[in-house]
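Q: Mapping of the sequence shown onto the numbering used here: position 200 corresponds to residue 221, and the numbering continues sequentially without gaps.
One structure, pasted below without further comment.
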Amino acid sequence: MYAMQYELTLPADYDMGIIRRRMATRGPALDDFPGLGFKAYLVRDRADGSPVNAYAPFYLWHDTAGMNRFLWGGGGFQGIVRDFGRPAVRHWTGVGHEPGPDRAATPTTAVRHTEPVPEGADLAELAERELATLRRRAAEPGTHSVTLAIDPYRWELVRLTLRTGDPAAAVVTVTKEATQEAGAGATAYEVLHLSRPGLDDLPTGRHW
């Protein structure tokens with residue numbers, strides 16, 4: 022299981038309606054992409070109170086084969102490169118995934134937390150603690166799913182929580198959760214579309 026994200030930061034006066042129309046017409050193209058667990062089409066919009074305009078899709082792959090087909094095999098990424106230039110693509114090794122009580126609904130917001138792994142931390146204990154947090158967050162009302170992954174080069178954890186409900190509430194959620202987790206970086210997004218061809222086949226709980 023592998024997580025992946027790239028972010029296109031757009032000009033402050035960019036018409037985000039262009040991105041919204043693009044997702045409405047092109048989003049379903051990955052609804053049956055082989056090897057893809059899910060792709061959340063995420064945006065940040067200054068009109069909704071975000072400090073920046075951005076398109077930042079988040080992917081969860083079953084394995085690297087599907088990810089490679091997307092990046093190298095003409096699986097859609099070339100359209101991004103053609104229209105916006107080639108973005109840096111972050112990727113993380115999957116640690117865990119947990120569906121929530123709203124797993125059958127369509128998520129409307131996403132909150133991404135990133136935080137460094139402390140120097141000298143017991144990695145086994147850290148993983149168990151984070152997996153316990155994963156299960157607790159996934160059980161919260163309004164949660165679609167929670168995914169946890171790690172970058173072992175930068176030693177950085179990333180957790181993506183997909184939620185249902187009012188998109189405007191995401192800003193409040195970010196503030197609350199960032200306060201609860203000192204030092205954690207939190208970013209809120211609106212979800213424009215969710216492609217989920219292999220979502221139901223993703224392993225739950227720990228991924229090792």
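Virtual Cβ for every residue (Gly too), placed ideally from N, Cα, C.
Quick caveat: nothing in here was measured; it's all calculated off a predicted structure.
1. Could you tell me the distance, in whole angstroms, from the CA atom of G48 to the CA atom of T127?
2. For the ligand ZN, is there any heavy atom lying closer than 7 Å to the beta carbon of G38?
3. Tell me, to the nearest whole angstrom, how far the beta carbon of A61 is from that of L178; I am working on the premise that it is less than 8 Å.
4. Spatial neighbours of G141 within its chain, please: CB distance less than 7 Å, with the 5 preceding and 5 following residues excluded, ordered by chain position.
5. To which residues of the same chain is Y27 closer than 6 Å at the C-beta, ignoring the five residues directly before and after it?
6. Going by beta carbon distance, what residues of the same chain come within less than 6 Å of A203, once the five residues before and after it are set aside?
7. DSSP three-state call for Q26: helix, strand or coil?
8. Would V102 be called buried (16 or more neighbouring beta carbons within 10 Å of its own) or exposed?
9. Taking only runs of the alpha helix (DSSP H) that begin and end inside the stretch 52–130, which ones reach a length of at least 4 residues, in chain order?
10. How long is the line joining the alpha carbons of A50 and G97, rounded to whole angstroms?
11. By how many angstroms is the C-alpha of D69 removed from the C-alpha of G38?
A: Straight from the coordinates:
1. Taking the CA atoms as reference points, G48 sits about 14 Å from T127.
2. Only the bare structure without any ligand can be found here, which leaves the ligand ZN out of the picture.
3. Contact between A61 and L178 does not hold, since their C-beta atoms are separated by about 18 Å, which reaches or exceeds 8 Å.
4. Excluding residues within five positions, none has a Cβ falling inside 7 Å.
5. Residues P108, V110 of the same chain have their beta carbon placed closer than 6 Å to that of Y27, with the five preceding and five following residues left out of the count.
6. With a pLDDT of only 39 at A203, under the threshold of 50, the placement of this residue in the model should not be trusted, and no figure is reported.
7. In this structure, Q26 counts as strand in the three-state DSSP scheme.
8. Exposed, because fewer than 16 other Cβ atoms sit within 10 Å of the Cβ of V102.
9. Taking 4 residues as the minimum length, the alpha helix (DSSP H) runs contained wholly in the stretch 52–130 are 85–93, 98–105, in order along the chain.
10. The C-alpha of A50 lies about 8 Å from the C-alpha of G97.
11. For G38 and D69, the gap between their C-alpha atoms comes out near 13 Å.
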